[in-house]
Amino acid sequence: MRTNRIGGQHDQEPDTPRARRARCAIPEGQRHREKWRLALDMLDEIVDDWGLPRRPVVADAGYGDASGFRQGLTDRGLTYVLAVNPIATAHPAGASPVTPAYNGVGRRPVPRYPDPPTDLKTLVMDVGRSAGRFVVWRHGSHKSAGNPTGRMRSRFLALRIRPANRHIPKDPDGNLPECWLLAEWPTGAAEPTDYWLSTLPADIRLRDLVKLAKMRWRIEHDHRVLKDGLGLDHFEGRSWTGWHRHVTLASVAQAVCTKLRRTPKAPAQA
Numbered sequence: 001m002r003t004n005r006i007g008g009q010h011d012q013e014p015d016t017p018r019a020r021r022a023r024c025a026i027p028e029g030q031r032h033r034e035k036w037r038l039a040l041d042m043l044d045e046i047v048d049d050w051g052l053p054r055r056p057v058v059a060d061a062g063y064g065d066a067s068g069f070r071q072g073l074t075d076r077g078l079t080y081v082l083a084v085n086p087i088a089t090a091h092p093a094g095a096s097p098v099t100p101a102y103n104g105v106g107r108r109p110v111p112r113y114p115d116p117p118t119d120l121k122t123l124v125m126d127v128g129r130s131a132g133r134f135v136v137w138r139h140g141s142h143k144s145a146g147n148p149t150g151r152m153r154s155r156f157l158a159l160r161i162r163p164a165n166r167h168i169p170k171d172p173d174g175n176l177p178e179c180w181l182l183a184e185w186p187t188g189a190a191e192p193t194d195y196w197l198s199t200l201p202a203d204i205r206l207r208d209l210v211k212l213a214k215m216r217w218r219i220e221h222d223h224r225v226l227k228d229g230l231g232l233d234h235f236e237g238r239s240w241t242g243w244h245r246h247v248t249l250a251s252v253a254q255a256v257c258t259k260l261r262r263t264p265k266a267p268a269q270a
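Residue numbers (full-length UniProt numbering): 1 to 270.
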């Protein structure tokens, strides 16, 4: 029968987390961090250390639903177009906080919105599909008799809103920051199918906003190539160093392939 041990003896058992970490040579200071925090670290590196220009950040709801990630981008001066879950809540852009009258007892009241926030789906449904506009965001390779140019087209609605979350800082008057809510409502669909939040300028064209939101197809394509075609998903080692070497080599291979894809072919020798 197995008994509990204390101190270092227990840590040395082969199935303890500490023993497994030691076998993989994971540095002592490394601990779990949410992927959105890792993404912010990478953005800091490519902007601050590599000197790359600040571009809008595009990501799926795995990042967009994290208010800490959205706020981290704003704190860094980075705009974004992030997919989100429609159950997230917000106030309409025109909503204003109200300060209740002070009754002379306790702390003075602070400004707050008189009505509770509404989920994103309801905000869009209340406006209705008739408020949407059809947008062609790109032309793909799948062409047909009915679509000879391969255009990708759907109906989109863009609303100005104020996302509601206790982690989002308010201004001194209690106002939450304003941003775009973009929703795709395809023909034949009973309700919108996709939602995004964006801090791009209020005067941006709908077509430009949609093109950035739909740019994720490129990310998904490259990730699939990286995993399947270039072997990122084929690592069978068990060490910290081995994994990072594998990731580095796969990433370099993808960078080379991307450069070749974007570089025009050199003219043939005479």
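Backbone N, C-alpha and C fix where the C-beta goes; we use that ideal spot for every residue, glycine too.
Trp180 sits buried, since 16 or more C-beta atoms from the chains shown fall within 10 Å of its C-beta. Annotation for Leu82: the continuous beta strand (DSSP E) segment containing it runs 80 to 83.
Taking all protein chains in view, the Cβ of Leu38 is surrounded by fewer than 16 other Cβ atoms within 10 Å, so the residue is classified as exposed. The way I'd put it, the region 182 to 201 doesn't touch the region 138 to 151; fewer than three beta-carbon pairs between them come closer than 8 Å.
Gln254 has its alpha-carbon roughly 48 Å from the corresponding atom of Asp173. The region 96 to 109 makes no contact with the region 80 to 88; the number of CB pairs closer than 8 Å stays below 3. When DSSP states are grouped into helix, strand and coil, His32 belongs to the coil group.
Considered as a whole, the UniProt domain "Transposase IS701-like DDE" (15 to 143) harbours 57 to 59, 80 to 83, 89 to 92, 133 to 139 as its complete beta strand (DSSP E) runs of no fewer than 3 residues, in chain order.
Nearest C-alpha to Phe134 among Arg108, Lys214, Glu184: Glu184. Taking the Cα of Ala131 as reference, the smallest distance to any Cα among Pro27, Pro192, Lys214, Glu45 is reached at Pro192. Ala202 sits in coil when the DSSP states are folded into three classes, being neither helix nor strand. Listed in chain order, the beta strand (DSSP E) elements of length 3 or more contained wholly in the region 178 to 244 are 179 to 184, 194 to 198. Note on His91: 16 or more other CB atoms within 10 angstroms of its CB, so buried under the neighbour-count rule.
Of the candidates Arg18, Lys35, Trp36, Arg18 places its Cα closest to the Cα of Gly29. Per the DSSP secondary-structure output, Ile161 pairs in a beta bridge with Pro92, Cys179.
When only Cα atoms are considered, Val58 and Asp194 end up about 14 Å apart. By alpha-carbon distance to Asp48, the top candidate from Gly77, Tyr63, Asp115 is Gly77.
Val256 and Leu226 have their C-alpha atoms roughly 12 Å apart. Secondary structure of Arg166 (DSSP, three-state): coil.
The beta carbons of Pro100 and Ala164 sit no closer together than 7 Å. Setting aside the 5 residues that flank it on each side, Val210 is surrounded in the same chain by Val135, Trp137, Phe156, each with a C-beta closer than 6 Å to its C-beta; the list follows chain order. In this structure, the beta-carbon distance from Asp115 to Ile87 does not fall below 7 Å. Take Trp243, set aside five residues on each side of it, and the residues of its chain with a beta-carbon closer than 7 Å to its own are Phe235, Gly237, in chain order. If you compare the alpha carbons of Cys24, Phe69, Ile161, Pro56 with that of Thr89, the shortest gap goes to Ile161.
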